[in-house]
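*Asks:* Would you mind keeping the following structure in view while I ask a few things?
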Ligand SMILES: Cc1c2[nH]c(c1CCC(=O)O)Cc1[nH]c(c(CCC(=O)O)c1C)Cc1[nH]c(c(CCC(=O)O)c1C)Cc1[nH]c(c(CCC(=O)O)c1C)C2
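Residue numbers (the numbering used here): 71 to 438.
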């Protein structure tokens, strides 16, 4: 049951496993920490049961439900971090857009942005505490209920990724409607990206105030852009977010590691490693060793096993993990998949992945 105490972001239980936080800061650890994107998801029968018949965004707006879904994977696997159950599309909702989860189709905007005039439909000043207070409550509640077992990660979508959803109206193969804006309406595009950045900065700071111990920024649609467009329409905003969040946290004497995950954005790896994030997340299309070389030891790395490798037999998963660990090395490294888990994946394979990371990395660190 939710108690009064659970509603306040203070007196949180003491953190017992800070391996993830130490790896994010590049410090020595006894094993390589591991978590999975979409670890709270449909591959778990208990997740499907909890979500059955309930509207997705209503679930996101119910702190007790978000807390339960966040904790479910931790009851099964010794993950070294948890990520709060929510969605990146709560930010466009907070800005005044309607977003619905349509079964079999995914998130859908009934009235996407079509032309620059449509920006007038967005809230000029977003009261983040009012519009997204339910996420903050979910984070605070989860920090209490997680009992200090592992750190809790907060997250947001990055400006370009959110802009593309707001214009496409949902998932897309080409993202041609959103890219049309970049080429035809560059000024309006920058205006929208700035508006999103302002909301995201407040949103991330609110998540930390509520209890988030690390932050991940998802630039899931980086691969849709090329290097030139990424440098103009994505990178400056990613940098601005990290700089502004860090400056504000520093004033309060806080230090919260930030992770940037630009899916298919390997062309921007050098730039991403110099963007004020402690950790750069990688998808599986990049080789661990070359990622290390290109980021020059400036950041910690996170990733990047192909999620589909989880379809392999357990022994093979263990071999793949071992190779991955050898490629990245055990320092300044957080093991993860290169993208989220799929609903048809076997929970036992996820367990085998986590175990392989812990076992192999412990051995490697001992032998150093
Ligand atoms: C479990 C889930 C989520 N969102 C959606 C689902 C599936 C719906 C359901 O099972 O009920 C719809 C849901 N939400 C979204 C999609 C993708 C739609 C598309 O582009 O086709 C779907 C199916 C949009 C979304 N949502 C998110 C991203 C960024 C990560 C990524 O690149 O996948 C994106 C792009 C972030 C997200 N989304 C979610 C989390 C929870 C925490 C965890 O990882 O365990 C997170 C971090 C939760």
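Glycine is no exception: its CB is placed at the ideal position from the N, C-alpha and C atoms.
From a predicted model like this one, the values you see are computed outputs, not experimental measurements.
Taking 8 Å as the threshold (C-beta atoms), are residue 326 and residue 278 in contact?
*Replies:* Yes, the pair counts as a contact, with Cβ atoms nearer than the cut-off.
*Asks:* Rounded to whole angstroms, what's the CA-CA distance from residue 349 to residue 364? Just pull it up for me.
*Replies:* Near 14 Å, if we compare the C-alpha coordinates of residue 364 and residue 349.
*Asks:* For ligand 1, I want to know if residue 151 counts as a neighbour, meaning its beta carbon is within less than 7 Å of at least one of the ligand's heavy atoms.
*Replies:* The answer is no for residue 151.
*Asks:* Using 8 Å for Cβ pairs, my map puts residue 395 next to residue 102. What's the rounded Cβ distance?
*Replies:* The Cβ separation is near 6 Å, so the contact holds.
*Asks:* What residue ranges within the region 163-205 form continuous alpha helix (DSSP H) runs of no fewer than 4 residues, ordered along the chain?
*Replies:* Listed in chain order, they are 198-201.
*Asks:* Taking the C-alpha atoms as reference points, what is the distance between residue 181 and residue 128?
*Replies:* For residue 181 and residue 128, the distance between alpha carbons rounds to 20 Å.
*Asks:* By DSSP, does residue 396 sit in helix, in strand, or in coil?
*Replies:* In the structure shown, residue 396 sits in a helix (DSSP, three-state: H, G or I).
*Asks:* Would the beta-carbon of residue 157 be found less than 7 Å away from any heavy atom of ligand 1?
*Replies:* Indeed, a heavy atom of ligand 1 lies less than 7 Å from the Cβ.
*Asks:* For the region 282-302 against the region 83-93, are there 3 or more C-beta pairs whose distance is under 8 Å?
*Replies:* Judged by Cβ distances under 8 Å, the region 282-302 makes contact with the region 83-93, as three or more pairs qualify.
*Asks:* Within 7 Å: the Cβ of residue 177 and any heavy atom of ligand 1?
*Replies:* Residue 177: yes, Cβ under 7 Å from ligand 1.
*Asks:* Determine the extent of the alpha helix (DSSP H) in which residue 305 is found, giving its start and end residues.
*Replies:* Unbroken alpha helix (DSSP H) run through residue 305: 305-321.
*Asks:* Can you list, in chain order, the stretches of the alpha helix (DSSP H) that have 4 or more residues and sit fully within the region 373-436?
*Replies:* Fully enclosed alpha helix (DSSP H) runs of 4 or longer: 384-398, 417-436.
*Asks:* From this set, 339, 242, 316, 276, which residue's C-alpha is nearest residue 301's C-alpha?
*Replies:* It is 339.
*Asks:* For the alpha helix (DSSP H) that contains residue 252, what are its first and last residues?
*Replies:* From DSSP, the alpha helix (DSSP H) with residue 252 extends over 246-254.
*Asks:* What is the DSSP secondary structure of residue 226, counted as helix, strand or coil?
*Replies:* Strand.
*Asks:* At the level of alpha carbons, what is the spacing between residue 318 and residue 95?
*Replies:* So the two alpha carbons sit approximately 19 Å from each other.
*Asks:* According to DSSP, is residue 359 helix, strand or coil?
*Replies:* Residue state, collapsed to three classes: helix.
*Asks:* Residue 189: which of 175, 201, 165 sits nearest, CA to CA?
*Replies:* Among 175, 201, 165, the Cα nearest to that of residue 189 belongs to 165.
*Asks:* Between 171, 269, 153, which lies nearest to residue 212 when the distance is taken from Cα to Cα?
*Replies:* Checked all of 171, 269, 153; the closest Cα to residue 212 is 153.
*Asks:* When the Cα of residue 441 is compared with those of 183, 124, 155, which residue comes out closest?
*Replies:* Any answer about residue 441 is impossible in this case: the structure gives the chain only from 71 up to 438.
*Asks:* Taking the alpha-carbon positions, what's the residue 434 to residue 92 distance?
*Replies:* Residue 434 and residue 92: Cα-Cα distance of roughly 18 Å.
*Asks:* Tell me, please, which residues DSSP counts as bridged to residue 289.
*Replies:* In the DSSP output, where bridge partners are listed per residue, residue 289 has 332.
*Asks:* Which class does residue 295 belong to by DSSP, given the choice of helix, strand or coil?
*Replies:* Correct three-state label for residue 295: coil.
*Asks:* Specify the secondary structure class of residue 371 as computed by DSSP and reduced to three states.
*Replies:* If DSSP states are grouped into helix, strand and coil, residue 371 belongs with the strands.
*Asks:* Going by the CB atoms, is the gap between residue 202 and residue 273 shorter than 8 Å?
*Replies:* A contact, by the Cβ cut-off of 8 Å.
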